[in-house]
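For reference, the structure discussed in these notes is given below.
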Amino acid sequence: MAAVLLSFTVYAAPDERTEIYRQAVNLYNHGMYERAATLLDKIPGDPMSDGYALLCAIKMQSPGFEKRLAQYEKDWRKSSISNLIDYEYALVLFDRGRYSEA
Numbered sequence: 049m050a051a052v053l054l055s056f057t058v059y060a061a062p063d064e065r066t067e068i069y070r071q072a073v074n075l076y077n078h079g080m081y082e083r084a085a086t087l088l089d090k091i092p093g094d095p096m097s098d099g100y101a102l103l104c105a106i107k108m109q110s111p112g113f114e115k116r117l118a119q120y121e122k123d124w125r126k127s128s129i130s131n132l133i134d135y136e137y138a139l140v141l142f143d144r145g146r147y148s149e150a
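Position one of the sequence shown corresponds to residue 49 (this note's numbering), numbered consecutively onward.
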């Protein structure tokens, strides 16, 4: 029984989720990607918070961000933030000299 109880992820309450999301987006918009990602990790499970967490990973070029991108596309297909994600990923590809993929 204890193992079952410990296996659940603790999620923030709805109002708290909204406030955490707002703070995280504000940090992202100010270039504080690591701090934003830390907050976004507390509120997984929707396309916007997962999308901004992915954007942080792309901006920081975190190890495994391309796998995370593939998983996001599988989970959420196209969301309202997908175009921004595609754009930021294209910039990374361009910077890496992978012009045809960008």
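Backbone N, C-alpha and C define an ideal beta-carbon position, used for all residues, glycine too. These figures come from a predicted structure and were not determined experimentally.
To the nearest angstrom, report how far apart P92 and S148 are at their CA atoms. Start at 1 with the first residue of the sequence shown, and residue 92 comes out as number 44. Start at 1 with the first residue of the sequence shown, and residue 148 comes out as number 100. Whole-angstrom Cα-Cα distance: 33 Å.
Subject >> Three-state class that DSSP yields for L65 in the structure shown >> reply: The count along the sequence shown starts at 1 and reaches residue 65 at position 17. A small correction: the amino acid at residue 65 is Arg; Leu does not occupy that position in the sequence shown. Helix at R65.
Does the beta-carbon of A105 have 16 or more other beta-carbons within 10 angstroms, so that it is buried, or is it exposed? Your numbering for residue 105 matches position 57 in the sequence shown. Here A105 is buried, its C-beta having at least 16 other C-beta atoms within 10 Å.
Compute the beta-carbon to beta-carbon distance between A61 and A85, rounded to the nearest angstrom, for a pair I have assumed lies under 8 Å.
Start at 1 with the first residue of the sequence shown, and residue 61 comes out as number 13. Start at 1 with the first residue of the sequence shown, and residue 85 comes out as number 37. Your pair A61 and A85 does not check out as a contact, with CB atoms roughly 21 Å apart and the cut at 8 Å.
_Tell me the rounded alpha-carbon separation between E82 and K126._
Counting from one through the sequence shown, the residue named residue 82 turns up at place 34. Counting from one through the sequence shown, the residue named residue 126 turns up at place 78. Taking the straight line joining both Cα atoms gives about 25 Å.
message = Among the candidates S110, L141 and Y120, whose CA atom is the shortest distance from the CA of S97?
response = Counting from one through the sequence shown, the residue named residue 97 turns up at place 49. Of the candidates S110, L141 and Y120, the residue whose Cα lies closest to the Cα of S97 is Y120.
Do you know how far the Cα of V140 is from the Cα of E64? Position 16 of the sequence shown, counting from 1, holds the residue named residue 64. Position 92 of the sequence shown, counting from 1, holds the residue named residue 140. The straight-line gap from Cα to Cα measures roughly 33 Å.
For this session: Assign L54 to one of three DSSP states: helix, strand, or coil.
Result: The residue labelled residue 54 in the question sits at position 6 within the sequence shown. Legend: pLDDT at L54 = 39, less than 50; position of this residue unreliable, value from coordinates given subsequently. Here L54 sits in helix by DSSP.
Scan the stretch 81-135 and note each continuous alpha helix (DSSP H) run of 4 residues or more that stays entirely inside, going in chain order. List check, alpha helix (DSSP H) in window: 81-88, 95-108 and 113-124.
Would you decide whether L53 is buried or exposed? Buried here means 16 or more other CB atoms lie within 10 Å of its CB.
Looking up residue 53 in the sequence shown gives position 5. Any reading at L53 needs caution, since the residue's pLDDT is 40, under 50, leaving its predicted position unreliable; the model's value is listed next. With fewer than 16 Cβ atoms within 10 Å of its Cβ, L53 is classed as exposed.
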